[in-house]
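Report on one structure; see the data block that follows.
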Amino acid sequence: DQQVKQNSPSLSVQEGRISILNCDYTNSMFDYFLWYKKYPAEGPTFLISISSIKDKNEDGRFTVFLNKSAKHLSLHIVPSQPGDSAVYFCAASAVYNNAGNMLTFGGGTRLMVKP
Amino acid sequence: DSGVTQTPKHLITATGQRVTLRCSPRSGDLSVYWYQQSLDQGLQFLIQYYNGEERAKGNILERFSAQQFPDLHSELNLSSLELGDSALYFCASSVDPGVSSPLHFGNGTRLTVT
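Taken in sequence, the protein lines are chains A and B.
For any residue, its number in the numbering used here is found by taking its place in the first sequence, counting from 1, and adding 51.
For any residue, its number in the numbering used here is found by taking its place in the second sequence, counting from 1, and adding 57.
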């Protein structure tokens with residue numbers, strides 16, 4: 052049972068336009084969400100995060116939106132650049148009785164930004 | 058460069074064998090995590106250590122074990138290997154063990170079981 056889903060395996064956008072990557076989750080206990088970017092032959096790199104007490108977090112060209120009622124989050128990249136071409140993973144976490152940090156990852160979306 | 062070092066980068070071994078994967082966390086990070094990425098499963102959490110103690114456990118098989126040493130490096134031991142264990146194994150580290158501390162991943166060890 053996939054608790055975090057990224058339904059679009061790939062996305063292609065033109066340089067300078069907006070990229071919107073989507074993520075859905077089913078576990079209502081998740082209260083912290085992150086986006087990671089992954090280039091080939093490298094490990095995932097942290098991009099941006101959002102706590103469930105917020106509905107938006109912005110960092111430069113990257114903005115994450117959280118809709119708790121819909122159990123949906125999205126990552127907006129504006130403007131998109133060719134260097135943004137990578138696989139993007141959505142991840143979610145919850146705190147259970149002082150347990151650690153168990154990230155549940157989505158399957159990833161491959162973003163291709165065309166010059 | 059994330060600062061997390063994983064060795065070896067590639068490992069090819071036969072079924073039934075045992076291997077050890079090694080991870081050195083970023084300087085100053087006390088928490089270490091292990092993740093498995095296989096073709097059909099995506100990134101799956103295995104286990105987390107914080108300052109030498111096990112902090113959280115995912116769906117880690119009984120054939121797998123890990124530990125974090127006093128110098129904070131960690132090892133993941135995989136035994137009685139099966140073909141299905143072929144995957145990329147990532148180590149990550151963070152300063153704190155909590156959810157708000159971003160993970161920094163190494164470049165992974167690619168394990169191939171033949």
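In this text, a Cβ means the ideal position worked out from N, Cα and C, and glycines have one as well.
Between A/Leu-85 and A/Lys-119, what straight-line distance do the alpha-carbon atoms span, to the nearest angstrom?
Here residue 85 of chain A refers to the residue found at position 34 when the first sequence is read from its first residue. Here residue 119 of chain A refers to the residue found at position 68 when the first sequence is read from its first residue. In a straight line, the C-alpha of A/Leu-85 is about 14 Å away from that of A/Lys-119.
Residue from A/Gly-158, A/Val-129, A/Ser-103 whose Cα sits closest to the Cα of B/Gln-177:
A question about residue 177 of chain B goes unanswered here, because the residues of chain B that appear run from 58 up to 171.
Chain-ordered chain B contacts of A/Val-115 [CB-CB under 7 Å]:
Stepping through the first sequence from its first residue, residue 115 of chain A is reached at position 64. Per Cβ cutoff of 7 Å: no residues; A/Val-115 is ~13 Å from chain B at best.
For chain A, check one thing: does any of its Cβ atoms lie closer than 8 Å to the Cβ of B/Gln-105?
As a working mapping, residue 105 of chain B is identified with position 48 in the second sequence. Yes, its Cβ sits closer than 8 Å to a Cβ of chain A.
Assuming B/Phe-121 and B/Leu-103 form a contact by the criterion Cβ under 8 Å, report the distance between their Cβ atoms to the nearest whole angstrom.
Along the second sequence, read from residue 1 onward, the residue named residue 121 of chain B stands at position 64. Along the second sequence, read from residue 1 onward, the residue named residue 103 of chain B stands at position 46. Confirmed, about 7 Å.
Go ahead and pull the three-state DSSP assignment for B/Asp-128.
In the second sequence, residue 128 of chain B corresponds to position 71, counting from 1. It is coil, neither helix nor strand.
Buried or exposed, going by whether 16 or more other CB atoms sit within 10 Å of the CB of B/Leu-133?
Translated into positions along the second sequence, residue 133 of chain B becomes position 76. Buried, because 16 or more other Cβ atoms sit within 10 Å of the Cβ of B/Leu-133.
Is the CB of A/Asn-152 under 8 Å away from at least one CB in chain B?
As a working note, residue 152 of chain A is residue 101 in the first sequence. So yes, A/Asn-152 belongs to the interface.
Apart from the five residues just before and just after B/Val-152, which ones in its own chain have a Cβ nearer than 8 Å to its Cβ?
Working through the second sequence from its first residue, we reach residue 152 of chain B at position 95. Cβ within range, chain order: Gly-85, Asp-86, Leu-87, Ser-88, Ser-158.
Alpha carbon to alpha carbon, what distance is there between A/Val-146 and B/Leu-118?
Counting from one through the second sequence, the residue named residue 118 of chain B turns up at place 61. Counting from one through the first sequence, the residue named residue 146 of chain A turns up at place 95. Cα to Cα, B/Leu-118 sits roughly 23 Å from A/Val-146.
Close-in-space but distant-in-sequence residues of the same chain around A/Pro-95 (CB under 8 Å, 5 per side omitted):
Your numbering for residue 95 of chain A matches position 44 in the first sequence. Excluding sequence neighbours, A/Pro-95 sits near Tyr-87, Lys-88, Lys-89, Phe-140.
Just tell me which of A/Asn-152, A/Ser-136, A/Asp-75, A/His-127 has its CA closest to the CA of B/Lys-114.
Locating residue 114 of chain B in the second sequence gives position 57, where the first residue counts as 1. Measuring from the Cα of B/Lys-114, the nearest candidate turns out to be A/Asn-152.
Taking only beta carbons into account, state which residues of the stretch 67 to 85 of chain B come closer than 9 Å to chain A, listed in chain order.
none
Segment contact, 8 Å Cβ cut-off, at least three pairs: the stretch 122 to 141 of chain A with the stretch 72 to 82 of chain A
yes
Assuming A/Thr-155 and A/Val-55 form a contact by the criterion Cβ under 8 Å, report the distance between their Cβ atoms to the nearest whole angstrom.
Residue numbering aside, residue 155 of chain A sits at position 104 when the first sequence is read from its first letter. Residue numbering aside, residue 55 of chain A sits at position 4 when the first sequence is read from its first letter. Confirmed, Cβ separation roughly 5 Å.
Could you name the residues that DSSP lists as bridge partners for A/Lys-89?
Taking the first residue of the first sequence as 1, we reach residue 89 of chain A at position 38. Answer by DSSP bridge pairing, in chain order: A/Val-138.
Do you know whose CA, among B/Arg-75, B/Tyr-90, B/Ala-71, B/Thr-62, lies nearest B/Arg-83's CA?
By 1-based counting over the second sequence, the position of residue 83 of chain B is 26. The shortest C-alpha separation from B/Arg-83 is found at B/Thr-62.
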